[in-house]
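Okay, so here's the structure we're looking at.
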Amino acid sequence: MNETIGMVLVVTGLVFDFFGCLGLVRFPDVYNRLQASAKCITLGTCGILLGLICFKGFGATSVKAFLCLVFIILTAPVSAHALARAAYRSGVKPWSGTVEDEYSKDMDGIK
Amino acid sequence: MKRMRYFTGLAVIIIIAAVILYCPARSIIRWQSEFLGRAFLFLLLSASMCLYRVLRGPTAPDRAVAIDMLGILIVGFCAILCIPTGRDWYIDIGIAWALQSFIGIMALAKYLEGKDFDE
Amino acid sequence: MIKNVIMFMIWYMVWIFLSWPPEPKDIIVGAVVSLFVILMTADMMDRCDSKADIIRLPVRLAWFACYALVFIWECLKANVDVAYRVIRPDLPIRPGTIKVKVDLKSDAGLTFLANSVTLTPGTTTVDLDAGKGFLYVHMLVLKRDGRSIKAIGRFQKILKRIFE
Chain A
3 MNETIGMVLV VTGLVFDFFG CLGLVRFPDV YNRLQASAKC ITLGTCGILL
53 GLICFKGFGA TSVKAFLCLV FIILTAPVSA HALARAAYRS GVKPWSGTVE
103 DEYSKDMDGI K
Chain B
32 MKRMRYFTGL AVIIIIAAVI LYCPARSIIR WQSEFLGRAF LFLLLSASMC
82 LYRVLRGPTA PDRAVAIDML GILIVGFCAI LCIPTGRDWY IDIGIAWALQ
132 SFIGIMALAK YLEGKDFDE
Chain C
8 MIKNVIMFMI WYMVWIFLSW PPEPKDIIVG AVVSLFVILM TADMMDRCDS
58 KADIIRLPVR LAWFACYALV FIWECLKANV DVAYRVIRPD LPIRPGTIKV
108 KVDLKSDAGL TFLANSVTLT PGTTTVDLDA GKGFLYVHML VLKRDGRSIK
158 AIGRFQKILK RIFE
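Chains as they are written, first to last, in the numbering used here: chain A, 3 to 113; chain B, 32 to 150; chain C, 8 to 171.
Below, the structure is given as structure tokens:
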């Protein structure tokens with residue numbers, strides 16, 4: 003029973019990882035790529051770690067996997083928006099189909 | 032032209048996925064659990080797509096994003112390797128990798144921003 | 008002072024969990040290392056201005072559980088949405104950066120808000136102007152009063168109950 007739930011979670015995680023990487027390949031500029039991959043790959047890896055917890059049952063490995071999961075959920079968005087900010091500051095222009103861009107106007111005002 | 036590229040990519044991905052799903056059990060995968068072997072190969076497909084972005088990325092932030100995502104994927108690799116081999120220290124490697132990759136990416140972001148490190 | 012003691016307990020617990028099952032040498036080394044970390048970060052903790060009132064703690068924990076449930080639901084919706092947009096051949100995106108007014112004051116609340124905005128449907132935090140209270144948000148499909156902006160408002164209401 004535990005193994006079945008673990009398999010379902012691992013497959014869900016793999017599918018979301020795959021879509022995140024597909025977004026990394028298909029989307030047209032840095033910000034959209036960041037958008038797709040930061041969400042999908044975080045959830046996908048969390049799914050794989052939850053599957054590991056289901057496979058192993060309660061024990062040392064599961065506790066470590068849970069700590070790793072919490073750590074990834076806390077740090078992945080932080081590194082994502084550090085990279086988005088760095089991309090704007092280093093002068094990468096948004097894609098030509100961008101509708102509106104309020105950050106470029108106000109960028110110099112914020113330290 | 033755009034449509035042709037889409038369908039070419041779709042065909043390549045479907046062929047690779049079919050090879051992963053239907054290859055004979057003992058030819059590529061020599062693990063106890065056949066399901067996890069195939070899952071590992073599927074994750075390798077995702078990672079190779081990340082590597083494509085590292086190679087082709089037109090700007091430096093593109094490559095930084097791809098490397099960040101590769102770091103999170105490697106934690107997934109460690110988690111999957113942990114189950115069939117029965118070696119529990121793989122998850123320790125995963126935790127250490129997540130920490131290192133986070134610090135590395137923050138330093139890279141500061142560098143791209145053009146600031147000093149002491150802020 | 009009390010904040011430092013709580014932080015010491017947290018770091019010590021993390022150390023014990025990472026070296027499960029704990030042996031005597033792990034327990035001693037963990038105490039030394041956590042004490043070292045607390046000594047290094049003591050002045051940083053003193054500068055942060057969160058209130059440590061014990062009476063409202065159960066209420067705040069209950070709201071935190073509520074926040075976690077809402078967060079998981081929004082995160083799943085976000086991923087299905089992105090997956091749908093990725094596999095369409097004509098890429099239905101209309102990206103743009105807009106600014107959103109926020110009225111949270113505490114640092115912890117703003118951090119949690121920025122992180123949850125990044126993991127919810129179609130939005131990523133780019134920068135934060137804490138002085139004027141603006142959050143710069145990159146959206147995959149730009150819509151000024153769509154569901155994504157409403158989701159930010161909902162998170163803000165819950166986080167206000169937790170951190171202020």
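From the three backbone atoms N, C-alpha and C, an ideal C-beta is built for every residue, glycine too.
Remember, it's a predicted structure, so these values are computed and weren't measured experimentally.
Assigned secondary structure, residue i (DSSP; H/G/I helix, E/B strand, else coil)
{"i": "C:V144", "result": "strand"}
{"i": "C:K139", "result": "coil"}
{"i": "C:I105", "result": "strand"}
{"i": "A:V94", "result": "coil"}
{"i": "A:V101", "result": "coil"}
{"i": "C:T127", "result": "coil"}
{"i": "C:D88", "result": "helix"}
{"i": "C:D114", "result": "helix"}
{"i": "A:T14", "result": "helix"}
{"i": "C:D134", "result": "strand"}
{"i": "C:W22", "result": "helix"}
{"i": "B:R94", "result": "helix"}
{"i": "B:F133", "result": "helix"}
{"i": "C:E30", "result": "coil"}
{"i": "A:S39", "result": "helix"}
{"i": "B:G88", "result": "coil"}
{"i": "C:F162", "result": "helix"}
{"i": "C:K150", "result": "coil"}
{"i": "B:E65", "result": "helix"}
{"i": "B:W120", "result": "coil"}
{"i": "B:C54", "result": "coil"}
{"i": "A:M3", "result": "coil"}
{"i": "C:L98", "result": "coil"}
{"i": "B:I126", "result": "helix"}
Contacts of residue i in chain A (Cβ-Cβ under 9 Å)
{"i": "B:G125", "result": "L51, K66, A67, C70"}
{"i": "C:C73", "result": "Those within 9 Å of C:C73 in chain A number zero; the least Cβ separation is about 17 Å."}
Residues that residue i contacts on chain C, provided the C-beta gap is smaller than 8 Å
{"i": "A:R28", "result": "V93, L98"}
{"i": "B:Y37", "result": "P96"}
{"i": "A:E5", "result": "Near A:E5 there are no residues of chain C at all, since even the closest Cβ is about 23 Å away, more than 8 Å."}
{"i": "A:L24", "result": "V93, I94"}
Within chain C, the residues that residue i reaches when beta carbons sit closer than 9 Å
{"i": "A:C42", "result": "A85, N86, V89, A90, V93"}
Buried versus exposed, by CB contacts within 10 Å (16 or more), residue i
{"i": "C:I35", "result": "exposed"}
{"i": "C:K122", "result": "In the sequence as displayed, the identity of residue 122 of chain C is Asn instead of Lys. Buried."}
{"i": "B:A110", "result": "buried"}
{"i": "A:C42", "result": "buried"}
{"i": "B:S33", "result": "According to the sequence provided, residue 33 of chain B is Lys. The question's Ser does not apply to it. Flag for B:K33 reads exposed."}
{"i": "C:P102", "result": "buried"}
{"i": "B:P55", "result": "exposed"}
{"i": "A:Q37", "result": "buried"}
{"i": "A:S98", "result": "exposed"}
{"i": "A:A89", "result": "buried"}
{"i": "C:K10", "result": "exposed"}
{"i": "B:S79", "result": "exposed"}
{"i": "C:A90", "result": "buried"}
{"i": "C:I169", "result": "buried"}
{"i": "C:W80", "result": "exposed"}
{"i": "C:I105", "result": "buried"}
{"i": "B:G102", "result": "buried"}
{"i": "C:M8", "result": "exposed"}
{"i": "B:A49", "result": "exposed"}
{"i": "A:F2", "result": "Outside the displayed span of chain A (3 to 113) sits residue 2 of chain A, for which this structure offers no information."}
{"i": "A:N4", "result": "exposed"}
Distance CB(residue i)-CB(residue j) smaller than 8 Å
{"i": "C:G129", "j": "C:V107", "result": "no"}
{"i": "A:S106", "j": "B:P92", "result": "no"}
{"i": "C:S41", "j": "C:D33", "result": "no"}
{"i": "B:L52", "j": "A:D19", "result": "no"}
{"i": "B:G107", "j": "A:T47", "result": "yes"}
{"i": "B:A129", "j": "A:F57", "result": "no"}
{"i": "B:C81", "j": "B:L112", "result": "no"}
{"i": "A:R35", "j": "B:V43", "result": "no"}
{"i": "A:A84", "j": "C:T125", "result": "no"}
{"i": "C:T118", "j": "C:C82", "result": "no"}
Interface residues of chain C facing residue i [CB-CB closer than 7 Å]
{"i": "B:R34", "result": "P96"}
Where residue i meets chain B, residues with beta-carbon distance less than 8 Å
{"i": "A:V94", "result": "T90, P92"}
{"i": "A:D19", "result": "L74, S77, L104, G107"}
Amino acids of chain A, ordered along the chain, whose beta-carbon sits closer than 7 Å to that of residue i
{"i": "B:V50", "result": "Under the 7 Å cutoff, chain A gives no residues; its nearest Cβ is about 15 Å from B:V50."}
{"i": "C:A147", "result": "Here residue 147 of chain C turns out to be Leu, not Ala, going by the sequence shown. The contacting residues are N34, Q37."}
Under 8 Å from the C-beta of residue i: neighbouring residues of chain A
{"i": "B:Y83", "result": "V27"}
Proximal chain B residues relative to residue i, where beta-carbon distance stays under 7 Å
{"i": "A:V12", "result": "A70"}
Check whether the segment 143 to 153 of chain C touches the segment 110 to 123 of chain C, taking contact to mean three or more Cβ pairs, one atom from each stretch, closer than 8 Å.
Contact between the segment 143 to 153 of chain C and the segment 110 to 123 of chain C is absent: fewer than three C-beta pairs spanning the two stretches fall below 8 Å.
Does the contact criterion of 3 or more C-beta pairs under 8 Å hold for the segment 15 to 32 of chain A versus the segment 94 to 101 of chain A?
Yes, the segment 15 to 32 of chain A is in contact with the segment 94 to 101 of chain A.
Using 8 Å as the Cβ pair cut-off and three pairs as the minimum, do the segment 4 to 16 of chain A and the segment 39 to 57 of chain A touch?
Taking 8 Å as the limit for Cβ pairs, the verdict is that the segment 39 to 57 of chain A does touch the segment 4 to 16 of chain A.
Segment contact flag, the segment 5 to 12 of chain A with the segment 63 to 83 of chain A, C-beta cutoff 8 Å, min 3 pairs:
The segment 63 to 83 of chain A and the segment 5 to 12 of chain A do not touch, with fewer than three beta-carbon pairs separated by less than 8 Å.
Touching by the beta-carbon criterion (3+ pairs, under 8 Å), the segment 157 to 169 of chain C and the segment 132 to 141 of chain C:
Contact between the segment 157 to 169 of chain C and the segment 132 to 141 of chain C is absent: fewer than three C-beta pairs spanning the two stretches fall below 8 Å.
Any contact between the segment 76 to 93 of chain B and the segment 113 to 129 of chain B? By contact I mean 3 or more CB pairs, one from each, below 8 Å.
With a cut-off of 8 Å, the segment 113 to 129 of chain B and the segment 76 to 93 of chain B do not count as touching, because too few Cβ pairs lie within range.
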